[in-house]
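Numbering (the working numbering), first residue to last: 14 to 374. Even glycine gets a Cβ: it sits at the ideal position worked out from N, Cα and C. All of these numbers come straight from a predicted model, not from anything done at the bench. Worksheet for the structure shown next.
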Ligand code: GLA
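Here it is, written out as structure tokens:
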């Protein structure tokens with residue numbers, strides 16, 4: 014038997030930039046998915062059970078097929094390992110997780126990464142961390158069929174206690190940056206599913222914007238490499254102008270944030286607030302609940318920045334600052350939110366936590 018675990022993530026800044034070749038700054042959070050895998054009994058198909066799911070999943074390890082179900086993330090890992098020549102036998106897989114699903118904390122990446130490490134350990138094989146993260150991303154994009162970028166799986170694999178992960182998505186290169194801030198995660202309890210959201214539409218809009226910008230600058234490698242002047246000069250038709258403006262300005266904000274973090278160890282909260290504003294107006298992926306949090310969190314002493322995190326359209330927001338200030342603000346924010354929206358939010362205080370690891374080999 015082999016056991017591996019992998020964390021969820023929150024992104025501090027750099028939203029909707031990863032699939033545009035831009036930069037992101039996530040942390041791994043102190044919530045993990047644990048995957049145990051053992052060879053199945055002779056002659057049996059692979060089975061997957063999860064503490065949070067009623068149904069047992071099954072698939073054929075020799076030829077895993079997409080079932081449109083939660084165990085696709087595990088079947089997809091077997092499929093992708095097979096593609097790079099790592100044959101996994103029929104397996105029994107058991108999953109436990111405290112990363113909430115559908116909240117924008119990358120429960121799917123945590124499952125992909127923990128499954129990848131557990132199945133590799135079972136097959137007595139190893140992959141460099143970067144390749145394990147890219148394999149997890151392929152499960153999401155090629156097997157499950159959601160056109161996400163590489164951020165979530167990289168954060169889950171490479172995250173490190175006390176550090177944010179500065180990831181350049183054009184080259185998939187990453188550096189750890191020490192960080193002193195605590196992070197309050199506020200789940201608005203408005204569920205979102207990437208498959209059902211406008212995520213793929215936004216991605217297509219970014220591709221059209223890039224195509225148009227290339228009429229002016231043919232060598233432009235990706236949208237995040239455009240300058241604000243180029244975007245202005247191109248006079249893209251709405252909403253492509255706003256989408257491009259967000260991606261370009263957000264990439265710049267990540268760079269400035271990383272500079273400040275390196276100098277002081279603290280996040281420049283005003284840039285996180287500016288990121289939220291850009292996501293609300295230019296990328297149009299916020300919600301009234303997320304906007305409410307971003308505004309109200311800032312009214313508390315010691316909270317230095319607040320914004321939506323992840324894809325948006327529901328899910329989670331974050332506030333950053335000193336741990337005691339965030340802990341003091343949390344109950345009031347939760348109470349006021351419930352009174353305003355009639356939904357009970359879930360709130361967690363976290364710090365940058367450790368990345369994925371094999372627990373039992
Ligand atoms: C989702 C995707 C990520 C990223 C964010 C938005 O979490 O899985 O790859 O695109 O949305 O920044």
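Residue 37 versus residue 167 - alpha carbon distance: Here residue 37 refers to the residue found at position 24 of the chain shown. Here residue 167 refers to the residue found at position 154 of the chain shown. Their backbone Cα atoms lie some 10 Å apart in a straight line.
beta-carbon residue 259 near the ligand GLA non-hydrogen atom, thresh 6 Å: Position 246 of the chain shown, counting from 1, holds the residue named residue 259. Residue 259 Cβ: outside cutoff for every heavy atom of the ligand GLA.
Limits of the unbroken alpha helix (DSSP H) element including residue 110: Residue numbering aside, residue 110 sits at position 97 when the chain shown is read from its first letter. Note, residue 110: premise wrong, no alpha helix (DSSP H); beta strand (DSSP E) at 104-110.
Run of the beta strand (DSSP E) containing residue 361, from where it starts to where it stops: Reading the chain shown from its first residue, position 348 is the one you call residue 361. Looking at the DSSP string, the run of the beta strand (DSSP E) that includes residue 361 is 359-363.
Anticipated Cβ contact below 8 Å, residue 182 with residue 31, distance rounded: Mapped onto the chain shown, residue 182 falls at position 169. Mapped onto the chain shown, residue 31 falls at position 18. About 4 Å; that satisfies the 8 Å criterion.
Residue interval of the beta strand (DSSP E) (run including residue 329): On the chain shown, position 316 is the one that residue 329 refers to. Counting along the chain, the beta strand (DSSP E) containing residue 329 begins and ends at 329-334.
Contact between the stretch 296-303 and the stretch 275-282 (3+ Cβ pairs under 8 Å): no
Contact check, residue 257 vs residue 267, beta carbons under 7 Å: Residue mapping note: residue 257 aligns to position 244 of the chain shown, counting from 1. Residue mapping note: residue 267 aligns to position 254 of the chain shown, counting from 1. The Cβ atoms of residue 257 and residue 267 do not sit closer than 7 Å to each other.
Counterpart residues of residue 20 in DSSP-defined beta bridges: Residue numbering aside, residue 20 sits at position 7 when the chain shown is read from its first letter. 45.
From 196, 271, 248, 70, residue whose alpha carbon lies closest to that of residue 190: Position 177 of the chain shown holds residue 190. For residue 190, the nearest C-alpha among the options comes from 271.
Simplified DSSP assignment, three categories, for residue 38: The residue labelled residue 38 in the question sits at position 25 within the chain shown. Residue state, collapsed to three classes: strand.
Opening and closing residue of the beta strand (DSSP E) in which residue 189 lies: On the chain shown, residue 189 is found 176 positions in, with the first residue counted as 1. Bounds of the beta strand (DSSP E) holding residue 189 are 186-191.
Sequence-distant residues of its chain with Cβ nearer than 6 Å to residue 51 (five each side left out): Within the chain shown, the letter at position 38 stands for residue 51. 14, 105, listed in sequence order.
Segment limits, alpha helix (DSSP H) that includes residue 310: For this step, residue 310 is matched to residue 297 along the chain shown. Its alpha helix (DSSP H) spans residues 301-310.
Cut-off 7 Å between Cβ atoms - residues of its own chain near residue 121, not counting five sequence neighbours on either side: For this step, residue 121 is matched to residue 108 along the chain shown. Correct list, in chain order: 86, 153.
Residue 113 versus residue 361: straight-line alpha-carbon distance, rounded: For this step, residue 113 is matched to residue 100 along the chain shown. For this step, residue 361 is matched to residue 348 along the chain shown. Roughly 11 Å between the two C-alpha positions.
N- and C-terminal bounds of the beta strand (DSSP E) containing residue 62: Working through the chain shown from its first residue, we reach residue 62 at position 49. Here the beta strand (DSSP E) through residue 62 covers 59-63.
8 Å contact criterion, which residue 292 and residue 321 should meet: CB distance rounded: If you number the chain shown from 1, residue 292 lands on position 279. If you number the chain shown from 1, residue 321 lands on position 308. Confirmed, Cβ separation roughly 6 Å.
Identity of the residues DSSP links to residue 212 by a beta bridge: The residue you call residue 212 lines up with position 199 of the chain shown. BP columns for residue 212 are empty, so no partner.
Heavy atom of the ligand GLA within 6 Å of residue 155 beta-carbon: Along the chain shown, one-based indexing puts residue 155 at 142. Not so, every heavy atom of the ligand GLA lies at least 6 Å from the Cβ.
Pairwise C-alpha distance: residue 228 and residue 67: Walking along the chain shown from the start, residue 67 turns up at place 54. Walking along the chain shown from the start, residue 228 turns up at place 215. Their backbone Cα atoms lie some 52 Å apart in a straight line.
Contact set for residue 74: own chain, Cβ-Cβ below 7 Å, skip 5 residues either direction: In the chain shown, residue 74 corresponds to position 61, counting from 1. Same-chain partners within the cutoff: 59, 91, 101, 102, 103, 104.
Pocket of the ligand GLA defined by Cβ to heavy atom distance under 5 Å: 28, 29, 31, 161, 162, 164, 165, 323, 324
Cβ pair residue 180, residue 172 closer than 7 Å: Counting from 1 along the chain shown, the entry for residue 180 is found at position 167. Counting from 1 along the chain shown, the entry for residue 172 is found at position 159. No, the pair does not count as a contact, with Cβ atoms beyond the cut-off.
Proximal residues to residue 61 (C-beta, below 6 Å), its chain only, five neighbours per side dropped: As a first step, residue 61 is located in the chain shown; it is residue number 48 there, counting from the start. Within the same chain, residue 61 has close Cβ partners 70, 84, 87, 106.
Within 7 Å, strictly: CB atoms of residue 328 and residue 316: As a working mapping, residue 328 is identified with position 315 in the chain shown. As a working mapping, residue 316 is identified with position 303 in the chain shown. No, Cβ-Cβ distance for residue 328 and residue 316 is not below 7 Å.
Cutoff 6 Å; reference residue 109; Cβ partners in own chain excluding five residues on either side: Translated into positions along the chain shown, residue 109 becomes position 96. So the qualifying residues of the chain are 47, 64.
Beta-carbon contacts of residue 216 that lie in its chain and below 8 Å, excluding the five residues immediately before and after: For the purposes of this step, residue 216 is taken as the residue at position 203 of the chain shown. If we look at residue 216 and ignore the five residues flanking it on each side, its Cβ neighbours are 32, 160.
Beta-carbon contacts of residue 187 that lie in its chain and below 7 Å, excluding the five residues immediately before and after: Taking the chain shown and counting its residues from 1, the one referred to as residue 187 is at position 174. Contacts found: 167, 171, 178, 179, 180.
Residue 371 in three-state terms, based on DSSP: The residue given as residue 371 occupies position 358 in the chain shown. Strand.
Backbone secondary structure at residue 150 - three-state DSSP: Mapped onto the chain shown, residue 150 falls at position 137. In this structure, residue 150 counts as helix in the three-state DSSP scheme.
Where residue 298 sits in the DSSP three-state scheme: In the chain shown, counting from the first residue as 1, residue 298 sits at position 285. If DSSP states are grouped into helix, strand and coil, residue 298 belongs with coil.
Euclidean distance between Cα positions of residue 355 and residue 305: Residue numbering aside, residue 355 sits at position 342 when the chain shown is read from its first letter. Residue numbering aside, residue 305 sits at position 292 when the chain shown is read from its first letter. Roughly 13 Å separates the two Cα atoms.
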